[in-house]
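Asker: Heads up: the sequence shown at position 239 corresponds to 239 in the UniProt record's numbering, and the numbers run straight through without jumps.
Cβ atoms here follow ideal geometry from the backbone N, Cα and C, with glycine treated the same way.
Okay, here's the structure, questions in a sec.
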Amino acid sequence: MTIAATDEAVHVRAPGKINLFLRVGELDADGYHDVATAYQAVSLYEDLRAWPSDEFTLAFSGSVDTSQLPTDRTNLAIRAARLLARTAGVPGGVHFEIAKHVPIAGGMGGGSADAAAALVACDALWGTALSKDDLHALAAELGADVPFALTGGTAIGTGRGDRLSPALATGSFHWVLVVADHGLSTPAVYTELDRIREQQLGTGRRGPAAAPAGPPVVDPEVLQALRAGDPEHLARAVRNDLQHAAVRLAPDLAELIDLGVSLGALSGIVSGSGPTVAFLTESAESAIELQVALSAARRTALHVHGPVGGTRIVHG
């Protein structure tokens, strides 16, 4: 096979995400949970640049502290590049430089965005010309959120979250993200959710974190609100089963959500496994007002909008 490679750097941009809705099923025998989630890609991006190399190497920059992130073969972007190289029979390697802006261990899929960006960059760099379906299949091997980082927009995820179907969203939704100064481990949050559910079973009570009676599904109210482009309707429909566990592990999140709502947010929700909290607002103007108010309360607040497109090559 002849690979039409390039010596020029390839620049790829991939979005972070929030989970507007997340229902988590019972723990399976294989140690996983089926989920039903509504993803929305938002205007907070990872920027990855890739150059041809004999090795697989990685360097970080950006607006978040990356000092604790691995740069070896355990990094998800490196794993993505190695997987694509094995699949396509590419003999060489790649050097990545990633400018990170999505919070680390914040429930916004930053690592998944890096992996999606790595797949798209290497496909272009090495001239492998994989189809969208092939890239999606590789993405699903890397993690449940990686396929959505490729596609972006708004989508419903089922199974592990990697079986995607697009969801129509009218207009733009404005969010204020409050970024914590600490991360939460996704496996730890799921383990805590299982513990909460076991405790509820022991008492015979079904609390707000109870598992759905059957396979998890996204509430139709969420889809209606997205189609209508109605933030007030969406605010009434948002839900995250993992929020109860995240708050148990980081109790200050409950206080933060109350603060944001008291300052004018339509609703506040932990994104994914947290600890980033996403506040939905009525408009761009109200988002800016909330961002200013939260910043005055000494919170790190960012105004973003969604949906935005998925992982793409940036030209120029």
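Which same chain residues, not among the five before or five after V138, have their C-beta less than 8 Å away from its C-beta?
Answerer: First, the amino acid is wrong: residue 138 is Leu here, not Val. So the list reads A80, L83, L84, T87, L119, L130, once near-sequence residues are dropped.
Asker: Are G274 and G143 closer than 9 Å when you measure CB to CB?
Answerer: Not closer than 9 Å, so no.
Asker: Given a threshold of 16 other Cβ atoms within 10 Å of its Cβ, counted over all protein chains shown, does M1 qualify as buried or as exposed?
Answerer: Residue placement at M1 is poorly supported in this model, since its pLDDT is 30, which falls under 50; the coordinates still yield a value, given next. Its Cβ having fewer than 16 others within 10 Å, M1 is exposed.
Asker: Three or more C-beta pairs closer than 8 Å, one from the segment 59-71 and one from the segment 14-25: is that the case here?
Answerer: No, they do not touch.
Asker: Buried or exposed: which applies to T276, given that a residue is buried once 16 or more other Cβ atoms fall within 10 Å of its Cβ?
Answerer: That one is buried.
Asker: With distances taken between CB atoms, is the gap from L168 to L234 smaller than 9 Å?
Answerer: No, the Cβ-Cβ distance between L168 and L234 is not below 9 Å.
Asker: For the UniProt domain "GHMP kinase N-terminal" (75-153), which segments carrying the beta strand (DSSP E) assignment without a break, of at least 3 residues, lie completely within its bounds, in sequence order?
Answerer: Listed in chain order, the complete beta strand (DSSP E) runs (minimum 3 residues) inside the UniProt domain "GHMP kinase N-terminal" (75-153) are 93-100.
Asker: So what's V12 in DSSP terms, helix, strand or just coil?
Answerer: V12: strand per DSSP, three-state reduction.
Asker: Nearest to P208 by alpha carbon, out of L193, E255, P103, L164?
Answerer: Out of L193, E255, P103, L164, L193 has the C-alpha closest to the C-alpha of P208.
Asker: Assuming the contact rule is C-beta atoms closer than 8 Å, A41 and V308 should be a hit. Round their C-beta distance to whole Å, please.
Answerer: At roughly 5 Å, the Cβ-Cβ gap stays under 8 Å, so A41 and V308 are in contact.
Asker: Could you check which residue in L184, I98, G260 has the C-alpha nearest to that of A105?
Answerer: It is L184.
Asker: Which residues bound the beta strand (DSSP E) around L226?
Answerer: It is not in any beta strand (DSSP E) - L226 instead sits in the alpha helix (DSSP H) that spans 220-228.
Asker: Look at the Cβ atom of R160, then the Cβ atom of D47, and state whether they are nearer than 9 Å.
Answerer: Contact flag unset, no.
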